[in-house]
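Colleague: Residue numbers (my numbering): 63 to 154. Virtual Cβ for every residue (Gly too), placed ideally from N, Cα, C. First, the structure itself, so that you have it in front of you.
Following this line, the structure appears as structure tokens:
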């Protein structure tokens, strides 16, 4: 990763995403405005636009926020957890 991940901005975005239809639409239509609003670096907005849940997990963002984002996108959270190199059976 070339830039520092700003947990606060990403977590604020993830918290609002499943609750805000306008934000969902803007992410698809104008990701640059979303990046500015949440002060997201290029690498961060790219991961969000790609719905790269595995990448979000490796940045150690709050897992419940990532789970909600994944669920809203109908992405298999456990599969992404494994893809990121984590073992859900051992993370208790």
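1. Can we say the region 134-145 touches the region 111-119, given the rule of at least three CB pairs closer than 8 Å?
2. Express the C-alpha separation of residue 123 and residue 73 in angstroms, rounding to a whole number.
3. Using DSSP with H/G/I as helix, E/B as strand and the rest coil, what is residue 63?
4. Distance check for residue 151 and residue 71, CA to CA, integer angstroms please.
5. Out of 69, 110, 104 and 146, state which residue places its alpha-carbon closest to the alpha-carbon of residue 80.
Modeller: Working from what's here:
1. yes
2. Each residue's alpha carbon lies about 7 Å from the other.
3. Its pLDDT being 44, under 50, residue 63 is placed unreliably by the model, and nothing is read from it.
4. 29 Å
5. 110
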